[in-house]
Amino acid sequence: MMKQATLLSSSIALALVLGSASTIVHAEDGINVGGAIRVNYAYKDYSDASQDKTGDFSFDMAAIKFNGQKGDWGLAAEYRFTSSTDYIKYGYGYYDIDPDWQLQFGINKVPFGNPGFISNSFWFGIPYYLGFEDDHDVGIKAMYEKNGWHTDLAFYKNPEYGPTENKRYATDLYTGTINGTEYNNEETNQFNVRQTYTLEHEGGSTTLGGSMQYGQIYNSKTGNNGDRYAVALHLDSSYKGWNLQLQAMQYEYDAADAVDPNKIGVSVVSWQYEIASKGQAYSVNVAKTFNTDWGSVKCYNDFGVMTPDVADESYDNSMQNVTGCAIAAGPTYTMIDLIMGKNMTFSTANNDHVGLPEVGNDWDKRVNINFGYYF
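Note that the sequence shown covers residues -27 to -1, 1 to 348 in mature numbering (1 follows the signal peptide of the UniProt record, and there is no 0).
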């Protein structure tokens, strides 16, 4: 679990600071180069080795980021390096059709769920581990924004890496063997629609929206196609430094010729695991930002639950709760999190899956501190 947790940290923390925008951004002419260097401390209460050493402190990641525009044409890209691998997060060109419409083509952010993130924490929310938060795939996206309305229309041919590759920033379907089950699934031909409306009010704003996603699942062994879909309703409301995020989503992966139709294999950050093939995920996040003379502090609690909806009644709910604070001071950004997981991948000792039968009946806990310098 140490390798997967280290790589997970490198993906998530920088995303929260340098994640691709969910609104239309018009850059100035010229190419800007930036990036980050991060280190990480982790303590796991369910690991004897971690307890004996009082945790582990290590290099987390480095990243380089490009963003720029020449006239109506622009580009945006980010590439990441860890101690054991490297991978692209996104890389796309864009064209400003007019002040209201922008066209993006390449590896760009999939418009699904709450714009930006459905989380405040270093650890992301449960939708990330199911493939529905801050995902980036290869395709074309049209974005419209005017008078509070924001519309995303997108088509994605496939993920940023092939199905047998597990080095990737966000969760996608995996081809390979996991826990003795053979998977031959590939994501292809995906359509996304998201509509939001932002209402400005005294002390803040509220964004309401809905998302829909549909795509195929190609079985590379049999040549047959299955399908997949997801729908979500989401809210993001801010008032005088307070923020509330709510999201409810339903998803289903209906793979052709599946060995076990109750589950499916996915991969992310050089790891692979299994999730229930159908279910719901609910997110409730609360945050408060405090401004100071030297920067800001945002404290939050992110809670998520995934409820499997498959034929096998032994499948159990997965839950995750993260309580923490993010401290911004000059070019530095530090996230301090207490992560609690139950029947949840990455945050538990014996349950490296989401929504499958639970091993034991405990909440596992870990402390994570991530420090980054951004330039």
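Note that CB positions come from ideal geometry on N, CA and C, so glycine has one too.
In the three-state reduction of the DSSP assignment, residue 132 falls in the strand class. Shown here, residue 217 sits in a strand according to DSSP, grouped into three states.
In its chain, beyond the 5 residues on either side, 9, 11 and 306 have a beta carbon closer than 6 Å to the beta carbon of residue 345. A Cβ-Cβ contact shorter than 8 Å links residue 123 with residue 169. Less than 8 Å separates the beta-carbon of residue 143 from that of residue 101. Contact between residue 48 and residue 121 does not hold, since their C-beta atoms are separated by about 28 Å, which reaches or exceeds 8 Å. Each of 245, 113, 130 and 297 was checked against the Cα of residue 94, and the nearest Cα belongs to 297.
The Cβ neighbour count for residue 263, taken over all protein chains shown within 10 Å, is under 16; the residue is labelled exposed.
Taken through DSSP and simplified to helix, strand or coil, residue 285 comes out as coil.
Here residue 272 has 261 and 298 as same chain residues with Cβ atoms under 6 Å from its own Cβ, once five neighbours each way along the sequence are excluded.
Membership of residue 31 in the beta strand (DSSP E) is indicated by the continuous run 29 to 43. The stretch 205 to 212 makes contact with the stretch 81 to 96, as at least three CB pairs between them are under 8 Å. Burial check for residue 232: the Cβ neighbour count within 10 Å stays below 16, so the residue is exposed.
Taken through DSSP and simplified to helix, strand or coil, residue 210 comes out as strand. Counting every other CB atom within 10 Å of its CB across the protein chains shown gives residue 196 a total below 16, marking it as exposed.
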